[in-house]
Each structure stands twice: as C-alpha cells, then as structure tokens.
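Each remark here refers to the structure printed beneath this line.
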C-alpha cells in the first residue's frame, strides 16, 4: 500500500478490525519509511452494477452520487455524514441483494426516499422535489400533505 505522505511502497498493518457496516475491514497502517500512520478500508469487490436511467441511458452505479445527492438535500439540517453513510450502505446492500446486473434509477430513488422519510422530513422533501421533478406548486403541496399526514399517523400509533 502506497504511503499518502511520502509515497513509499512498504507499510505494515498495525491494527485491523471490522468496520461498522460489517462489510468492510478497517486497517491502520504505518509506513516503514517515514512512519506515517494512515487508515485503509478493504471490501469485497462486487460485480459491477449498471443503472438504467429514465431516458434509457446506462451508467455505472456510484455510491458517491447517492451520497452527494443526500448531502445536498441535507444542507443545514441535523443530519450527520455518518447517518448518510449508513443510509447509502443500506441502499447499496438492498440493490445488490435484489438486482444482479442492472437496476432502474427509479428503484434507487425510491429507496433513497424511503430512507429519508425516516431520517428527516425537510431532507426528504428537498430530495423529493428534485427527484420527482415537480411541475407546479400543487404537486409539492400534495407531498407536504403526505408528510404531515404520515407524521400524524405515526404519532397516533405511538400513543
């Protein structure tokens, strides 16, 4: 593993443990040349997933696109990057368990929406407004009513 500080090629593993998601191994390494310590993550190389977009175009699945989309929706909200990372992990796991080679972008979007509806209402509405491409305010108003009604229903079930 190349050292990120001195680009030396020799490093030794100081500590190794399973990461929180259970699918990744976190390794602390030390460069044998400059003694700089750094962290690497090891995960199983999965089969390449292809996302089929609404217009029929295909592109390689990217965790980063999901992460960045949620980050944009969660700006100035009490949502941590750890929360978002856990959501992306769950979404990717669901996709890989249910799809072998290709997955529709609509399916990914609905998974994101489901996760965000449980996490934060405002983040959910922001993401939905872009994902669903609302044509007018009435469509946004309808979504807001769903959110409000859904919360009242949850509160009633909890009491």
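In my numbering, the protein residues as written are 283 to 441.
Here a beta-carbon is modelled for each residue, glycine too, at the ideal position from N, C-alpha and C.
Residue(s) in a DSSP beta bridge with residue 270: In this structure the chain extends from 283 to 441, so residue 270 is not present and cannot be described.
What residue range is occupied by the uninterrupted beta strand (DSSP E) comprising residue 332? As a working mapping, residue 332 is identified with position 50 in the chain shown. 332-334 is the extent of the beta strand (DSSP E) around residue 332.
Mark residue 405 as exposed unless 16 or more other C-beta atoms lie within 10 angstroms of its C-beta, in which case mark it buried. Position 123 of the chain shown, counted from the first residue, corresponds to residue 405. When all chains shown are included, residue 405 counts as buried.
What is the rounded straight-line gap between the Cα of residue 397 and the Cα of residue 347? Here residue 397 refers to the residue found at position 115 of the chain shown. Here residue 347 refers to the residue found at position 65 of the chain shown. So the two alpha carbons sit approximately 16 Å from each other.
By the DSSP assignment, the alpha helix (DSSP H) with residue 295 in it spans what residues? By one-based count along the chain shown, residue 295 stands at place 13. Where residue 295 is concerned, there is no enclosing alpha helix (DSSP H), although the beta strand (DSSP E) it sits in stretches over 293-300.
Specify, as a first and last residue, the run of the alpha helix (DSSP H) that residue 378 falls within. If you number the chain shown from 1, residue 378 lands on position 96. Start and end: 363-380.
Burial state of residue 355, where buried means 16 or more other Cβ atoms lie within 10 Å: The count along the chain shown starts at 1 and reaches residue 355 at position 73. With 16 or more Cβ atoms within 10 Å of its Cβ, residue 355 is classed as buried.
Could you check how far apart the C-beta atoms of residue 296 and residue 312 are, in whole angstroms? I think they sit under 8 Å. The residue labelled residue 296 in the question sits at position 14 within the chain shown. The residue labelled residue 312 in the question sits at position 30 within the chain shown. Contact holds; Cβ gap of about 5 Å.
Beta-ladder partner(s) of residue 420, from DSSP: Locating residue 420 in the chain shown gives position 138, counting from the first residue. In DSSP, residue 420 forms no bridge with anything.
At what residues does the alpha helix (DSSP H) containing residue 345 begin and finish? Within the chain shown, numbered from 1, the residue matching residue 345 stands at position 63. 345-355 is the span of the alpha helix (DSSP H), which, as asked, contains residue 345.
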